[in-house]
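Counting with numbering that gives the first Met the number 0, you get residues 0 to 341 for the letters of the sequence shown. Cβ coordinates follow ideal geometry from the N, Cα and C atoms, glycine included.
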Amino acid sequence: MNLADLNKIARAMVAPGKGILAADESSGTIKKRFDVIGVESTENNRRDYREMMFRSQEAMSQYISGVILYDETIWQNAADGTPLVKLIEQAGSIPGIKVDEGTQPLPGCPGELITAGLDKLAERLAKYYKQGARFAKWRAVIDIGAGIPSYTAVRTNAHALARYAALCQQAQIVPIVEPEVLMDGDHDIDRCYEVTEFVLKETFQELYYQKVALEGMILKPNMVVPGKKSAKQASVQEVAEKTVKLLKACVPSAVPGIAFLSGGQSDEEATAHLDAMNKIGGLPWGLTFSYGRALQAAPQKAWSGKVDNVAAGQAAFTHRAKMNSLASKGEWSSSLESKKAA
Ligand code: 13P
């Protein structure tokens, strides 16, 4: 492992004004997204959609530091035969790859999940590195509900995250460590705080036990937010203050950067929360975005599978990428949202 090089990649992923595009939806998930816009999920349509984003020159060269790809996409070529990985590199962005294989029920823990994909991971990482991937992602899912999460689920998922991260670093790939506490329930913001604290403490303990170098990784956590069904919603400022307080208590300053998932927040909420955190400032790590839905919902709608809409899709993607870029510097304001490029 060359830690100086891993650190260089990790810092580039969270460079000021830049963040990560999570375009790694599995075939099942992208089908759900395409269903919403009435587009059939064929291999070519998935390619065309992603090619549209990767050819958004302003967004990719100025706001997007890296792209998380799904296995299918990392091997695909653009319509003109150029590998999609090359399009990303040519724009000055870094290709990455989702390496987890989704979730399975966790034995003995009803309603809880464990992420699969450790078997043969070392071999897969070597192939992805050869194909151009310089970072990877593994998502663990923790749900909040009556009597959950259990210690078994938190610990087992933290253990798998650390096993994955150690294998990545050995393969000279920067691991994005993503323990996602879901915002699906009716819990309040303080319950989210408490569970996320438990999950992050356990995760960093496992990373230590498994000799993961913190300087060569990125953390991708949820923000501290109330459950979607909670009767008590929170202000942007409360979310920002509680999330920053929690991260300061749990994430060592040796970690180069933290890149949030959007997790079902609206586009503008995800941007406003990130912006408010960076306005608080004085943070020891880069704090940016690694959004899937909050970067792609608008371009998906604008594109809707039509060649004639490619420019509109690119404009919508560029707008969201730019808003989040500003938020990563604490320079966003809601008035900028209406000044959308035509
Ligand atoms: P969302 O921003 O849509 O939550 O997706 C980010 C991600 O990569 C989840 O694993």
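Taking 8 Å as the cut-off, is the beta-carbon of residue i closer than that to any non-hydrogen atom of the ligand 13P?
i: R138; result: yes
i: Y290; result: yes
i: D307; result: no
i: G262; result: yes
i: D47; result: no
i: I36; result: no
i: E344; result: One cannot answer for residue 344 here, as it falls past the ends of the chain, which runs 0 to 341.
i: D118; result: no
i: V67; result: Sequence check: residue 67 is Ile here, not Val. The answer is yes for I67.
i: E179; result: yes
i: K219; result: yes
i: D23; result: yes
i: A297; result: no
i: A293; result: yes
If you run the structure through DSSP and keep just helix, strand and coil, what is residue i?
i: I8; result: helix
i: A340; result: With a pLDDT of 49 at A340, under the threshold of 50, the modelled position of this residue cannot be trusted, and the question is left open.
i: W137; result: strand
i: S334; result: helix
i: Y69; result: coil
i: S55; result: coil
i: N1; result: coil
i: G18; result: strand
i: E42; result: helix
i: S324; result: helix
i: S148; result: A small fix is needed here, since residue 148 is Pro in this sequence, not Ser. P148: coil per DSSP, three-state reduction.
i: E166; result: The amino acid occupying residue 166 in the given sequence is Leu; Glu does not appear at that position. Of the three classes helix, strand and coil, the one that applies to L166 here is helix, per DSSP.
i: G27; result: helix
i: T86; result: The residue asked about is misnamed: residue 86 is Leu in this sequence, not Thr. In this structure, L86 counts as helix in the three-state DSSP scheme.
i: L181; result: coil
i: T287; result: strand
i: S64; result: strand
i: I188; result: helix
i: I175; result: strand
i: V13; result: coil
Is the CB-CB distance between residue i and residue j below 9 Å?
i: I8; j: G285; result: no
i: V140; j: G95; result: no
i: I172; j: F134; result: yes
i: T72; j: E111; result: no
i: A233; j: I188; result: yes
i: V180; j: C191; result: yes
i: A58; j: F259; result: no
i: G184; j: D118; result: no
i: A161; j: T202; result: yes
i: A275; j: A239; result: yes
i: G18; j: A271; result: no
i: A77; j: R46; result: yes
i: G291; j: F33; result: no
i: M51; j: V309; result: yes
i: V198; j: V153; result: yes
i: L294; j: F288; result: yes
i: G146; j: H186; result: no
i: L68; j: K97; result: yes
i: A253; j: K210; result: no
i: D301; j: A311; result: Sequence check: residue 301 is Ala here, not Asp. Closer than 9 Å, so yes.
i: S333; j: E267; result: yes
Going by CA-CA distance only, name the one from the options that's closest to residue i.
i: Y163; options: Q232, A152, V153 and V176; result: V176
i: W137; options: V235, H158 and K17; result: H158
i: K244; options: A161, Q103, T195 and L325; result: T195
i: K228; options: G144, L117 and K126; result: G144
i: A212; options: A271, A293 and Q169; result: Q169
i: G16; options: P178, L273, P298 and T41; result: L273
i: N323; options: I63, T242, C108 and K241; result: I63
i: C354; options: L120, T155 and T81; result: Outside the displayed span of the chain (0 to 341) sits residue 354, for which this structure offers no information.
i: T28; options: E100, G256, P174 and G116; result: E100
i: A14; options: I93, A165, Q56 and I36; result: I93
i: P298; options: I257, P104, G281 and S55; result: S55
i: I257; options: A121, Q204, P174 and H186; result: P174
i: E42; options: G226, I113, D70 and P148; result: D70
i: V224; options: A115, K241, V35 and V38; result: K241
i: S261; options: K200, L5, A22 and L335; result: A22
Consider the C-beta atom of residue i and the heavy atoms of the ligand HEM; say whether any pair is separated by less than 8 Å.
i: G144; result: Inclusion of the ligand HEM in the displayed structure is not the case, the ligand content consisting of the ligand 13P alone.
Does chain D have any CB closer than 9 Å to the CB of residue i?
i: V176; result: Here chain D cannot be found, since the structure has a single protein chain.
3 or more residues per run - each beta strand (DSSP E) lying fully within the region 195–282:
256–259
Along the chain, which unbroken stretches of the beta strand (DSSP E) at least 3 residues long are found entirely within the region 90–119?
Counting whole runs of 3 or more residues, the region 90–119 contains the beta strand (DSSP E) stretches 93–97, 102–104 and 112–114.
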